[in-house]
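Trainee: With this note's numbering as the guide, the letters of the sequence shown map in order to residues 10 to 194. Ideal Cβ positions, reconstructed from N, Cα and C, are used throughout, including at glycine. Since this is a predicted model, take the numbers as computed values, not measurements.
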Amino acid sequence: MNPGISPPVSDDSEEAPLNLPPLQRDASGNVDIDSVPDVIQWFLDFDQRVAVIKHPNVEEVFQWKQEQSRAAGEPVFDFNRAEDRLAIGIVQALSQYATESSLHSWISQLLNALDSASKANESAAEAYKLDLAAGGSIVKEAEKIPSARGRREFLINCWLETLCTAEARVLGWLYKEFYGHPFAP
């Protein structure tokens, strides 16, 4: 799904990106969670593996996914944009996985989901001769998949591939900042 974008590599998190807003710390040295949105915004603005979430084709898939969930009767929080969904997911993950081991486990789950979605997308693209590099609508390209279930699975995997890439990238960097060493699977 990510046109020309590679999945995150754990080695990338070894170096701090330039000009990244610092995480603020309280008097005890603990990270001030209120500084996290500035970090997320930096990644959205300057890290192409995260910024891809703002691409119109990704936004189209995200809106498709929200509509499908609503149509299926699933409880859906209506996010205006895919990047809003990403930011809220990152903040929720930091709240829910507040220890090193639980955050490590969550990032590992994201990477596993990313791997599964990526492999499924590669298989679908090959089987149905989808041209995902052309830069056109992914939703329209998915129409080449003959079954509704196959199209749905492909588009969900496209969304998961993009979301997991971006979320793992930001959380991996935050993990290093919180715990003093890079995330290692």
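(1) The alpha helix (DSSP H) spanning residue 40 covers which residue range?
(2) Which whole-angstrom value is the C-beta distance of residue 179 and residue 59, which I expect to be below 8 Å?
(3) With distances taken Cα to Cα, identify the nearest neighbour of residue 193 among 84, 53, 152 and 116.
(4) Identify every run of the beta strand (DSSP E) within the segment 70-152, keeping only runs that are complete inside it and at least 3 residues long; order them along the chain.
(5) For the alpha helix (DSSP H) containing residue 161, list its first residue and its last residue.
(6) With contact counted as at least three CB pairs below 8 Å, one residue from each stretch, are the segment 146-161 and the segment 45-54 in contact?
(7) Could you spell out where the alpha helix (DSSP H) holding residue 62 opens and where it closes?
(8) Taking the alpha-carbon positions, what's the residue 191 to residue 145 distance?
(9) When the Cα atoms are used, what is the spatial distance from residue 38 to residue 184?
(10) Among the residues of its own chain, which have a CB less than 6 Å from the CB of residue 24, if the five just before and after it don't count?
(11) List the DSSP bridge partners of residue 34.
(12) Shortest alpha-carbon distance to residue 164 belongs to which of 68, 51, 113 and 61?
(13) Distance check for residue 188 and residue 102, CA to CA, integer angstroms please.
(14) Taking contact to mean at least 3 C-beta pairs separated by less than 8 Å, is the segment 117-134 in contact with the segment 166-178?
(15) In chain order, what residues of the same chain have a beta carbon less than 6 Å from the beta carbon of residue 151, not counting five sequence neighbours either side?
(16) Would you call the CB atoms of residue 87 and residue 77 closer than 9 Å?
(17) Would the beta-carbon of residue 71 fall within 9 Å of that of residue 175?
(18) Skipping 5 residues on each side, what residues in its chain have a beta carbon closer than 7 Å to that of residue 28?
(19) How many Å lie between residue 91 and residue 181 at the Cα?
Mentor: Taking the structure as given:
(1) Per DSSP, residue 40 belongs to no alpha helix (DSSP H) and is neither H nor E.
(2) 6 Å
(3) 116
(4) none
(5) 157-188
(6) no
(7) No alpha helix (DSSP H) contains residue 62, which DSSP labels as neither H nor E.
(8) 36 Å
(9) 15 Å
(10) Because residue 24 carries a pLDDT of 48, less than 50, the predicted location of this residue cannot be relied on, and the following value inherits that uncertainty. Hits under 6 Å: none found.
(11) 40
(12) 68
(13) 16 Å
(14) yes
(15) 160, 163 and 164
(16) no
(17) no
(18) none
(19) 20 Å
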